[in-house]
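Under my numbering, the first residue of the sequence shown is numbered -2, with each subsequent residue one higher.
Where a beta carbon is used, it is the ideal one built from N, C-alpha and C, also for glycine.
Worksheet for the structure shown next.
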Amino acid sequence: LLLLLLAPWGPRVSGGLRSPRRRWPVPYRRFDYRPKTDPYCQARYTFCPTGSAIPVMKEEDVIEVYRLQAPVWEFKYGDLLGHLKIMHDAVGFKSSVTGKNYTMEWYELFQLGNCTFPHLRPGMDAPFWCNQGAACFYEGIDDAHWKANGTLVLVTTISGTMFNEMAQWVKYDNETGIYYETWTVQASPDKKSTVWFDSYECSKFILRTYQKLADLGAVFKKIQTNYTSIILFTGEPIYLGNETSIFGPQGNKTLAAAIRDFYSPFKPHQSVREFFVDLFKIIDRVILNHQFYLFYNLEYWFLPMKSPYLKIIYEEVPLPVGSKASFGV
């Protein structure tokens, strides 16, 4: 794992800092700009290696929109994670004017582990995070990748004008929504239970994109669409503070030590023995002692964990209905 330093001079929160709300789910925080990544943060797989700018389409173009879904790391492990329904989502476009295909997705700059757990670096009191996610747009659709163990299906048709408006929205969304959030956190497995925190990952970007297209007038096909969520189950979260209030000169040293101690087992392992020792520590803290420390919106929360603790679900989220005059299938 490799991480991004969340320094006190990081991006300013839109609207200024506010005292923590007890509004559930806690609203995902948007920022004024995307910070530069720290050189310490290195990706095993280069982010968006063939990425390009989103082209301006002719207004009269008719563009097919495709739902794309495949198992996470399908390029390396095939359908292995597909059996667990751990899926990655993207959206594809095909221009009728040029015949060109395009893919758009949103994912981690430094892989999932870095967005979920920090590094504990010598000489640094605060955990060191390499957490950013971003949109990636590139020419072409890898049919074999999406079809082999996943989904490639037409969901709607839009105009070139709608595509161009969507592109402007993507620019805003990408510049202001910069931190990846792995976990959905809720009170129980019941569908009507309180959601404490929403995830912010690849599928949520696709859902936002579909909704934007619907609001612009796209009419979606009536097909079932399922998405992956990784859920933590907990009682009401307890707000702890931000990096400065916990780890700064006037911080809570006892709490700081507890947070560092909690994150210590979540690290790359050099041996099988080390892995199992740390796995036991994780089970002891999360399941036996019902403890989890969550970092969300640059703030720390304590989660009093409860059964069933963690669950991976793959459930339907219907395609959206828009608010403008229709265009499409």
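Checklist entry - Does the segment 278 to 294 come close enough to the segment 151 to 167 that 3 or more CB-CB pairs lie under 8 Å? => result no
Item to check | Those residues which DSSP pairs with Leu295 across a bridge | outcome: Note: Leu295 sits in no beta bridge, so no partner.
Item to check | Boundaries (first-last residue) of the alpha helix (DSSP H) holding Asn161 | outcome: Asn161 -> alpha helix (DSSP H) spans 157 to 173.
Next on the checklist: On the CB-based measure, 16 or more other CB atoms within 10 Å of its CB, does Ser116 come out buried or exposed?
Outcome noted: Just to set this straight, residue 116 is His in the shown sequence, not Ser. It is buried - the Cβ of His116 has at least 16 other Cβ atoms within 10 Å.
Next on the checklist: By DSSP's criteria, Asp327 is part of a beta bridge. Which residues make up the other side?
Outcome noted: There is simply no residue 327 to check, as the chain begins at -2 and stops at 326 in what is shown.
Next on the checklist: Rounded to the nearest angstrom, what separates Glu178 and Cys127 at their Cα positions?
Outcome noted: So the two alpha carbons sit approximately 12 Å from each other.
Checklist entry - What's the call for Asp281, buried or exposed, on a 16-neighbour Cβ count within 10 Å? => result exposed
Checklist entry - So Val269 is in the alpha helix (DSSP H); what residue range does that whole segment cover? => result Looking at the DSSP string, the run of the alpha helix (DSSP H) that includes Val269 is 269 to 280.
Checklist entry - Pick from Thr47, Ala145, Ala123, Asp58: whose alpha carbon is nearest that of Leu77? => result Of the candidates Thr47, Ala145, Ala123, Asp58, the one whose C-alpha sits nearest the C-alpha of Leu77 is Ala145.
Next on the checklist: So, does the segment 81 to 95 touch the segment 108 to 123, judging by three or more C-beta pairs under 8 Å?
Outcome noted: A contact between stretches requires three or more CB pairs, one per stretch, nearer than 8 Å, and the segment 81 to 95 fails this requirement with the segment 108 to 123.
Checklist entry - So, do the segment 21 to 39 and the segment 190 to 205 have three or more beta carbon pairs nearer to each other than 8 Å? => result Yes, the segment 21 to 39 is in contact with the segment 190 to 205.
Checklist entry - Cβ of Thr95 less than 9 Å from any chain C Cβ? => result Protein chain content of the structure displayed is limited to a single chain, and chain C is not contained in it.
Checklist entry - What's the gap between the Cα of Tyr293 and the Cα of Glu57? => result Between Tyr293 and Glu57, the C-alpha separation is close to 43 Å.
Checklist entry - Are Arg64 and Ile203 touching if we call contact CB-CB under 9 Å? => result Cβ atoms of Arg64 and Ile203: closer than 9 Å.
Checklist entry - Three-state secondary structure (DSSP) at Leu229? => result strand
Item to check | DSSP state of Lys218 mapped onto helix, strand, coil | outcome: coil
Checklist entry - Who does Pro301 pair with in a DSSP beta bridge? => result Gln288
Next on the checklist: Pull the bridge partners of His116 from the DSSP assignment, please.
Outcome noted: Phe125
Item to check | For Trp103 and Gly48, the rounded distance between their alpha carbons | outcome: 12 Å
Checklist entry - Using DSSP with H/G/I as helix, E/B as strand and the rest coil, what is Ile138? => result coil
Checklist entry - Taking Ser200 as the reference, which of Glu296, Thr231, Ile256, Glu312 has the closest Cα? => result Glu312
Next on the checklist: On the CB-based measure, 16 or more other CB atoms within 10 Å of its CB, does Phe72 come out buried or exposed?
Outcome noted: exposed
Item to check | Pick from Met302, Ile243, Ala254 that is closest to Leu295, judged by C-alpha positions | outcome: Ile243
Next on the checklist: For Lys218 and Val152, which I take to be in contact (beta-carbon distance under 8 Å), what is that distance rounded to the nearest angstrom?
Outcome noted: 5 Å
Item to check | Under the three-state DSSP convention, the category Lys201 falls into | outcome: It is helical.
Checklist entry - Opposite Asn223 in the DSSP bridges: which residues? => result DSSP, once it has assigned bridges, lists Glu313 as partnering Asn223.
Checklist entry - Taking buried to mean at least 16 other C-beta atoms within 10 Å of its own C-beta, is Ile235 buried or exposed? => result It counts as exposed.
Item to check | Length of the line joining the Cα atoms of Thr251 and Gly157 | outcome: Thr251 and Gly157: Cα-Cα distance of roughly 57 Å.
Item to check | Whole-angstrom distance between Phe259 and Val269, CA atom to CA atom | outcome: 20 Å
Checklist entry - Is it true that the CB of Ser226 sits closer than 9 Å to the CB of Ile310? => result yes
Checklist entry - Exposed or buried, Leu0, counting other C-beta atoms within 10 Å across all chains shown (16 or more means buried)? => result With a pLDDT of only 29 at Leu0, under 50, the local geometry of the prediction cannot be trusted, and the value read off the model is given with reservation. It is buried - the Cβ of Leu0 has at least 16 other Cβ atoms within 10 Å.
Item to check | Bounding residues of the beta strand (DSSP E) (the contiguous stretch that carries Ile331) | outcome: Outside the shown range of the chain, which is -2 to 326, sits residue 331, and nothing can be said about it.
Checklist entry - Rounded to whole angstroms, how far is the Cβ of Ile220 from the Cβ of Val150, which I believe are closer than 8 Å? => result 7 Å
Checklist entry - How far does the alpha helix (DSSP H) with Phe259 in it reach, from first residue to last? => result 250 to 260
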